[in-house]
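Numbered according to our numbering, the sequence shown terminates at residue 378, and the numbering increases by one at each position without gaps.
Cβ atoms here follow ideal geometry from the backbone N, Cα and C, with glycine treated the same way.
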Amino acid sequence: MDDTAALKRTPLHALHLSLGARMVPFAGYEMPVQYSAGVLKEHLQTRAGAGLFDVSHMGQVVVRAKSGRYEDAALALESLVPVDILGLAEGRQRYGFFTDENGGILDDLMITHLDDHLFVVVNAACKEADVAHMQKHIGDRCDITLLDRALVALQGPRAVNVLAELWADVAAMKFMDVRHCRLHDISCLVSRSGYSGEDGFEISVPANKAEDVARRLLEHPDAQPIGLGARDSLRLEAGLCLYGNDIDATTTPVEAALEWAMQKARRTGGARAGDFPGAARILGELDNGATRRRVGLKPEGKAPVRGHSKLYADAEGKTEIGEVTSGGFGPSVEGPVAMGYVPVSHASVGTQIYAEVRGKYLLATVATLPFITPTYKR
């Protein structure tokens, strides 16, 4: 029996095959993990030039208040996230997360204020659950629509040059700006954001026009197709969380070091403090600290420390203190990098702990995140 038969395909599936991609199952889809250049070269290409990623497996959702007022849609969604959405300016995007009654993270997402509604991008593996979650809790106030559109990410220091060939006005956009535009006479929605730590853009495209746009972008000499392998190493070096690995329902935003994403208006003493799932725990941790913390780790030597590796306070492996959630080789760092959770007593930069790798306990030092210097256009 063909295991790939049940996998969904993105609108760019045929293009991936024509470009020689190696396809793998990911979040219910058949996705390109790498092309002929290989993960290492694709990673470095994105850091130095521009890389094009297919992220069409992710969910694109419109949240529109039945009243037709943006304010009503914003306040409805605020009941599910500890984020200031009412104060989000039109044409701007903000990172956020759905939380549960225990303060755990159900999914992380990008939220955009567009005209009189919200445009929300959610993770592929969670999109059906996320839509159901919104329908259940705010469906009486809002229409929730999962769009059938493709999504591509153009990332890297040359991304603006590549995209400017199709739309010159892109150069004026700042980090987290979102604009409607026409690319190759195709109506698109462009955000200056991404998941690599580099300047770049995410482009929402009608599904039947996705290959046209992708091919035009790849015609530029600075642009190359990039697979999921390099996407993972790029986001790890950038200290960015992968849902299901670094954050999930067992981790709170404060434990995950994501308090920067919770604005003053939703915190204790703010204009709309609390009134989101898990508020008591999350606000308590914001005010008093959590007992554990997501940290960056730099293992000694060249051996990568993978996810689920146990972390110890001592070289003999007697006192277990945590676990690695993401780890691998950082091509730009030229060495292994990892992230994981440790007690706050071991979370200070410079603290030395030990990771178990094939029965040995390797020295790892708590490091500042991100491991690279981001190049977002502020």
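Item: Residues near E90 by beta carbon distance below 6 Å, same chain, minus five either side; Value: H113
Item: Rounded straight-line distance, which links the Cα of G270 to that of V178; Value: 27 Å
Item: Segment limits, alpha helix (DSSP H) that includes I85; Value: No alpha helix (DSSP H) holds I85; DSSP gives it neither H nor E.
Item: Under the three-state DSSP convention, the category D2 falls into; Value: With a pLDDT of 48 at D2, under the threshold of 50, the predicted position of this residue should be treated as unreliable, and no value is reported.
Item: Beta-carbon contacts of Y312 that lie in its chain and below 8 Å, excluding the five residues immediately before and after; Value: K318, T319, E320, I321, I353, Y354, A355, E356 and Y361
Item: Counted within 10 angstroms of its Cβ, other Cβ atoms place A171 as buried (16 or more) or exposed; Value: exposed
Item: Straight-line gap, T268 to F98 (C-alpha atoms, nearest Å); Value: 19 Å
Item: Cβ pair I247, A256 closer than 7 Å; Value: yes
Item: Beta bridge counterpart(s) of M31 as assigned by DSSP; Value: V24
Item: Residues near D84 in its chain [Cβ-Cβ closer than 7 Å; skip 5 each side]; Value: Q263, A265 and R266
Item: Neighbour-count burial assignment, D2, 16 or more Cβ in a 10 Å radius; Value: In this predicted model, D2 has a pLDDT of only 48, less than 50, meaning its place in the structure is not dependable enough to derive any value.
Item: Inter-residue CB distance, K298 and V337 (contact presumed, cutoff 8 Å); Value: 6 Å
Item: Beta-ladder partner(s) of Q155, from DSSP; Value: G51 and G200
Item: Sufficient close CB pairs (3 or more, under 8 Å) joining the region 208-217 to the region 152-171; Value: yes
Item: Cβ pair G278, D100 closer than 7 Å; Value: yes
Item: Opposing strand residues paired with K264 [DSSP bridges]; Value: Beta-bridge pairing links K264 to no other residue.
Item: DSSP-derived helix/strand/coil call for D72; Value: helix
Item: D107 vs V131 beta-carbon contact at 7 Å; Value: no
Item: V254 and L286 closer than 7 Å at C-beta; Value: yes
Item: Of the listed residues I203, G197 and M173, nearest to H184 (C-alpha basis); Value: I203
Item: DSSP three-state assignment for R215, whether helix, strand or coil; Value: helix
Item: Start-to-end residues for the alpha helix (DSSP H) that takes in E174; Value: In the sequence on display, residue 174 carries Lys and not Glu. Looking at the DSSP string, K174 is not in any alpha helix (DSSP H), and its letter there is neither H nor E.
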